[in-house]
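To start, the structure under review is shown below, and the notes come after it.
There are 2 protein chains.
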Amino acid sequence: MPWREDVLRKLKETRQASAEISLLSKERKNNSLQVLARLLREKMPAILNANRADLDKASKSGYSPAFMDRLTLTPERVEKMAVACQQVSSLPDPVGQIIWETTRPNGLRIQRLRVPIGVIAIIYESRPDVTVEAAILCLKAGNAVVLRGGKEARFSNTMLVELIKQALRETEITEKGINLIAEGGRAAVSFLLQQTDLVDLVIPRGGESLINTVVRSSRIPVVKHYKGVCHTYVDAHADLRMAVEVTFNAKVQRPGTCNATETLLVHRDIASSFLPLMAEKFQAAGVEMRGCPVTCALVPQAKPAAETDWGKEFLALIIAIKVVNSLGEAIEHISRYGTKHSDAIITEDSAAASEFLQKVDSACVYHNASTRFTDGGQFGLGAEIGISTDKIHARGPMGLEELTTYKYVIHGQGQIRS
Amino acid sequence: MPWREDVLRKLKETRQASAEISLLSKERKNNSLQVLARLLREKMPAILNANRADLDKASKSGYSPAFMDRLTLTPERVEKMAVACQQVSSLPDPVGQIIWETTRPNGLRIQRLRVPIGVIAIIYESRPDVTVEAAILCLKAGNAVVLRGGKEARFSNTMLVELIKQALRETEITEKGINLIAEGGRAAVSFLLQQTDLVDLVIPRGGESLINTVVRSSRIPVVKHYKGVCHTYVDAHADLRMAVEVTFNAKVQRPGTCNATETLLVHRDIASSFLPLMAEKFQAAGVEMRGCPVTCALVPQAKPAAETDWGKEFLALIIAIKVVNSLGEAIEHISRYGTKHSDAIITEDSAAASEFLQKVDSACVYHNASTRFTDGGQFGLGAEIGISTDKIHARGPMGLEELTTYKYVIHGQGQIRS
Numbered sequence: 001m002p003w004r005e006d007v008l009r010k011l012k013e014t015r016q017a018s019a020e021i022s023l024l025s026k027e028r029k030n031n032s033l034q035v036l037a038r039l040l041r042e043k044m045p046a047i048l049n050a051n052r053a054d055l056d057k058a059s060k061s062g063y064s065p066a067f068m069d070r071l072t073l074t075p076e077r078v079e080k081m082a083v084a085c086q087q088v089s090s091l092p093d094p095v096g097q098i099i100w101e102t103t104r105p106n107g108l109r110i111q112r113l114r115v116p117i118g119v120i121a122i123i124y125e126s127r128p129d130v131t132v133e134a135a136i137l138c139l140k141a142g143n144a145v146v147l148r149g150g151k152e153a154r155f156s157n158t159m160l161v162e163l164i165k166q167a168l169r170e171t172e173i174t175e176k177g178i179n180l181i182a183e184g185g186r187a188a189v190s191f192l193l194q195q196t197d198l199v200d201l202v203i204p205r206g207g208e209s210l211i212n213t214v215v216r217s218s219r220i221p222v223v224k225h226y227k228g229v230c231h232t233y234v235d236a237h238a239d240l241r242m243a244v245e246v247t248f249n250a251k252v253q254r255p256g257t258c259n260a261t262e263t264l265l266v267h268r269d270i271a272s273s274f275l276p277l278m279a280e281k282f283q284a285a286g287v288e289m290r291g292c293p294v295t296c297a298l299v300p301q302a303k304p305a306a307e308t309d310w311g312k313e314f315l316a317l318i319i320a321i322k323v324v325n326s327l328g329e330a331i332e333h334i335s336r337y338g339t340k341h342s343d344a345i346i347t348e349d350s351a352a353a354s355e356f357l358q359k360v361d362s363a364c365v366y367h368n369a370s371t372r373f374t375d376g377g378q379f380g381l382g383a384e385i386g387i388s389t390d391k392i393h394a395r396g397p398m399g400l401e402e403l404t405t406y407k408y409v410i411h412g413q414g415q416i417r418s
Numbered sequence: 419m420p421w422r423e424d425v426l427r428k429l430k431e432t433r434q435a436s437a438e439i440s441l442l443s444k445e446r447k448n449n450s451l452q453v454l455a456r457l458l459r460e461k462m463p464a465i466l467n468a469n470r471a472d473l474d475k476a477s478k479s480g481y482s483p484a485f486m487d488r489l490t491l492t493p494e495r496v497e498k499m500a501v502a503c504q505q506v507s508s509l510p511d512p513v514g515q516i517i518w519e520t521t522r523p524n525g526l527r528i529q530r531l532r533v534p535i536g537v538i539a540i541i542y543e544s545r546p547d548v549t550v551e552a553a554i555l556c557l558k559a560g561n562a563v564v565l566r567g568g569k570e571a572r573f574s575n576t577m578l579v580e581l582i583k584q585a586l587r588e589t590e591i592t593e594k595g596i597n598l599i600a601e602g603g604r605a606a607v608s609f610l611l612q613q614t615d616l617v618d619l620v621i622p623r624g625g626e627s628l629i630n631t632v633v634r635s636s637r638i639p640v641v642k643h644y645k646g647v648c649h650t651y652v653d654a655h656a657d658l659r660m661a662v663e664v665t666f667n668a669k670v671q672r673p674g675t676c677n678a679t680e681t682l683l684v685h686r687d688i689a690s691s692f693l694p695l696m697a698e699k700f701q702a703a704g705v706e707m708r709g710c711p712v713t714c715a716l717v718p719q720a721k722p723a724a725e726t727d728w729g730k731e732f733l734a735l736i737i738a739i740k741v742v743n744s745l746g747e748a749i750e751h752i753s754r755y756g757t758k759h760s761d762a763i764i765t766e767d768s769a770a771a772s773e774f775l776q777k778v779d780s781a782c783v784y785h786n787a788s789t790r791f792t793d794g795g796q797f798g799l800g801a802e803i804g805i806s807t808d809k810i811h812a813r814g815p816m817g818l819e820e821l822t823t824y825k826y827v828i829h830g831q832g833q834i835r836s
């Protein structure tokens with residue numbers, strides 16, 4: 001395996017650099033991000049050329065239009081990367097923040113301090129826009145980063161990582177703080193995932209099969225961003241107008257995102273007044289409705305839902321609709337088919353709302369608002385690397401804080417334990 | 419595999435119970451812990467009988483005295499369990515705590531709320547005292563729990579889990595909130611570790627090989643409590659008397675614990691004044707010293723250290739001693755041989771202290787205090803399930819808070835995203 005040495009060398013280099021990266025002042029990190037923004041704009045022709053090489057090669061392999069679109073960089077998309085660098089540079093630096101502090105009766109002063117995690121590996125598909133976005137969030141949080149993008153984006157990624165390295169060099173930061181591992185195919189990924197001493201955290205970004213592959217072979221902790229099968233539940237005591245507006249927004253405003261609602265649950269007591277109104281609005285927007293038998297009886301436009309429609313992430317203008325007999329049945333349905341991402345209740349009944357918010361075990365639970373708000377920016381947390389569907393370490397929008405850990409710093413005057 | 423069905427049934431049962439356990443009020447949980455304390459005292463003869471059966475069986479298999487000691491329950495040890503139940507019941511309940519709250523410009527009120535993790539599996543060796551201790555911490559934090567103890571403690575564990583179930587029943591809580599998986603040998607553990615839908619977190623408690631086995635086969639997140647190779651570094655500008663007292667305490671006060679210091683690093687400028695004083699005190703206490711060549715030249719009582727003595731967790735009255743040329747060399751040594759547990763600097767030089775505290779990447783870093791303080795109780799965090807040497811989710815003493823996660827609860831008035 002000729003790539004083995006090379007991968008190991010890069011990982012060791014990144015681990016070594018992480019000590020320096022972790023101690024950088026916020027000014028130096030921000031400066032570096034500003035330089036990167038400038039370089040992305042200056043070198044746009046070279047970036048687009050590299051991307052052209054990837055596209056030419058991929059076009060011969062018969063990938064889907066959606067795949068080719070994700071692989072494509074345009075001047076607008078590169079400009080967006082540059083803007084992201086500036087935005088991330090303007091975010092507060094979480095590193096060094098004192099999370100908690102206490103002075104013990106024996107005089108020991110104990111501080112819980114936010115510190116970088118160390119080395120983070122990002123494993124992703126052939127989406128060169130992820131390269132810059134993931135790298136800058138990791139670096140801003142004081143982490144060194146190892147990137148492993150899909151092989152089809154190799155030329156683009158190599159160019160982008162070279163620019164990030166140049167930005168680090170220009171601001172006198174070790175360029176070894178970021179490395180791209182392009183070699184070695186799947187075997188290299190599984191080799192990387194065994195290096196518990198060299199990598200502290202793995203974040204796979206991509207579809208379910210990529211995440212499952214990583215989870216299956218990793219001995220390094222993984223934070224998972226699985227799909228979002230989000231539900232909106234319209235309770236018996238919902239405000240009808242609000243229920244229609246919020247559900248419509250949750251489905252239609254941007255259906256391709258993980259926080260879009262995929263299933264609508266409706267209490268039977270409100271179904272006959274709510275569903276016809278809702279269906280009319282959905283139909284006008286071209287939303288395909290797949291309903292349970294009760295829904296189909298109330299909504300002639302709906303097709304019968306198959307069992308597989310519950311729990312499906314359509315990412316499209318399709319919605320599954322089910323009439324339930326009770327709040328309990330709605331909660332049960334979400335527990336069975338949901339993905340612990342984002343789920344909403346629409347109701348004027350505060351007892352029902354509070355039961356839903358307590359019992360639905362998802363990263364984000366909403367009362368009278370659209371599931372589309374699950375987003376670091378919308379929550380006021382700044383940029384995010386993804387939405388965690390895990391319960392360990394980070395849940396929901398994963399921003400700069402979630403890319404850090406903490407340490408206890410204890411200040412004494414010679415205390416000993418008796 | 420006849421155990422397969424049985425294990426799966428218990429895991430499903432626990433998962434189902436976790437919804438109820440997660441919503442229990444602190445009064446109900448505390449009540450249950452008080453009842454358990456009473457039952458442990460009342461049923462002491464039965465517990466000791468069950469333990470006797472384990473001991474009889476184990477005594478035929480030629481286990482080490484240390485192993486037999488860990489397997490043994492005595493009236494004092496059972497009483498300690500009962501006291502632990504009362505102590506944990508008196509700790510504040512982390513569940514429901516609002517960690518962070520914001521109101522967005524659009525009126526959305528976003529709360530980050532502490533919630534239980536769900537189902538926690540504890541995998542441990544043949545130490546029946548862990549059974550009660552681990553179970554009560556998980557339950558108090560609102561989690562359902564699956565226990566898998568070493569097979570040699572099977573009778574004791576079965577009896578103890580039966581008592582915990584009885585305490586739950588007596589206080590009208592589902593007894594399915596705790597289950598013991600005793601069947602199926604190693605294959606059952608590896609089967610359990612694949613059930614990502616049924617278990618949210620795995621905490622292995624025991625030696626390195628147990629932890630490594632779990633990490634190797636688990637698809638469920640694991641928080642690791644690896645060994646503690648702790649260092650005390652006596653800087654050039656240390657107060658001599660304090661350095662001797664603190665180092666002595668860190669090594670001698672309880673050498674069998676993970677937070678005891680295993681290696682002493684000494685700056686060369688202070689070595690000739692400090693080491694003879696230190697060696698005298700160590701020798702008087704029967705501490706075996708294994709030194710680098712410079713140490714051996716200064717301390718006639720020291721034996722030469724082997725390369726394997728650096729990074730060794732002696733858990734005994736043995737200390738490795740090395741003279742270093744600089745603070746940087748000390749930090750380098752800790753980074754190479756340490757286990758990211760607890761490390762201390764003794765110095766009057768605040769710049770040196772601050773560099774050490776920043777650069778040493780351990781869960782707990784000390785200035786002028788004994789490493790022996792790394793403990794949930796000593797930090798004022800209450801009881802702990804262990805000391806995490808991981809950087810993800812929980813670091814250092816892992817108490818009730820670290821057995822929880824959070825969710826975002828969003829209160830709206832019909833907000834939609836534009």
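Here the protein sequences come in this chain order: A and B.
All residue numbers for the first sequence refer to our numbering, where the first residue is 1 and numbers rise by one.
All residue numbers for the second sequence refer to our numbering, where the first residue is 419 and numbers rise by one.
Virtual Cβ for every residue (Gly too), placed ideally from N, Cα, C.
Small disclaimer: the values here were computed from a predicted structure and weren't measured.
Sorting R154/A, R4/A, I321/A, I98/A by C-alpha distance to the C-alpha of I47/A places R154/A at the top.
Assigned with DSSP and collapsed to three states, G291/A falls in strand. Residues of the stretch 98-115 of chain A with a C-beta less than 7 Å from any C-beta of chain B: T102, R104, L108, I110, listed in chain order. For secondary structure counted as the alpha helix (DSSP H) over 4 or more consecutive residues, the stretch 572-608 of chain B holds these complete runs in sequence order: 572-588. For R254/A, the CB contacts under 8 Å within the same chain, skipping 5 residues up- and downstream, are A260, R372 in chain order. Listed by position along chain A, the residues whose Cβ is nearer than 8 Å to that of V652/B form an empty set, because the closest Cβ is around 12 Å away.
A direct Cα-to-Cα measurement between G624/B and K569/B gives close to 14 Å. Of the residues L683/B, L426/B, A502/B, N575/B, the one whose Cα lies closest to the Cα of A471/B is N575/B. Under the three-state reduction of DSSP output, L73/A falls in the coil class, being neither helix nor strand. Secondary structure at C676/B: coil, using DSSP grouped into helix, strand and coil.
Using a Cβ-Cβ cut-off of 8 Å, V199/A does not count as an interface residue toward chain B, since no Cβ of chain B sits closer than that to its own.
Within its own chain, the residues whose Cβ lies closer than 7 Å to the Cβ of G338/A, once the five positions on either side in sequence are excluded, are V229, H231, S362, listed in chain order.
R835/B carries a coil assignment under DSSP once its states are collapsed to helix, strand and coil. Closest option to N249/A, judged by alpha-carbon separation, among L264/A, D93/A, D235/A: L264/A.
Collapsing the DSSP output to three states places A320/A in a strand. For N30/A, the closest C-alpha among the options R114/A, I164/A, N51/A, F274/A is that of I164/A. When Cβ pairs closer than 8 Å are counted between the two stretches, the stretch 601-618 of chain B is seen to touch the stretch 633-646 of chain B, the count reaching three or more. Residues of chain A whose Cβ lies closer than 7 Å to the Cβ of E663/B are, in chain order, G414, I416. Taking each of T675/B, E725/B, V662/B, R686/B in turn and checking the Cα distance to Q701/B, the smallest one comes out for V662/B. With the criterion set as a beta carbon lying under 7 Å from some beta carbon of chain A, the members of the stretch 810-827 of chain B are I810, H811, R813, G814, T823, Y824, K825, Y826, V827, in sequence order. Straight-line spacing of the CA atoms in V7/A and V202/A works out to 16 Å. Contact check for E766/B against H643/B fails: the beta carbons are separated by 8 Å or more.
With respect to chain B, the C-beta atom of I117/A has a partner C-beta closer than 8 Å. A605/B and V537/B have their C-alpha atoms roughly 20 Å apart. For M660/B, the neighbours in chain A by C-beta distance under 7 Å run, in chain order, G414. In the DSSP assignment, K303/A is bridged to R290/A. One alpha carbon belongs to K475/B, the other to D487/B, and they sit about 14 Å apart.
Within the model, the alpha-carbon separation for V115/A versus I810/B is close to 12 Å. Linking K43/A to L400/A through their CA atoms gives a straight-line distance of about 27 Å.
The Cβ atoms of L733/B and G704/B lie no closer than 8 Å to each other. Taking the Cα positions, P718/B is about 12 Å away from C710/B. At a cut-off of 8 Å between beta-carbon atoms, K359/A makes contact with chain B. Apart from the 5 residues on each side of it in sequence, D239/A sits with its Cβ closer than 7 Å to the Cβ of E348 in its chain, given in chain order. N249, Q253: these are the residues of the stretch 248-270 of chain A whose beta carbon lies less than 7 Å from some beta carbon of chain B, given in chain order. Cβ neighbours of S273/A within its own chain (closer than 7 Å, five residues either side excluded): L240. Going by beta carbons, E601/B and W421/B fall inside the 8 Å limit.
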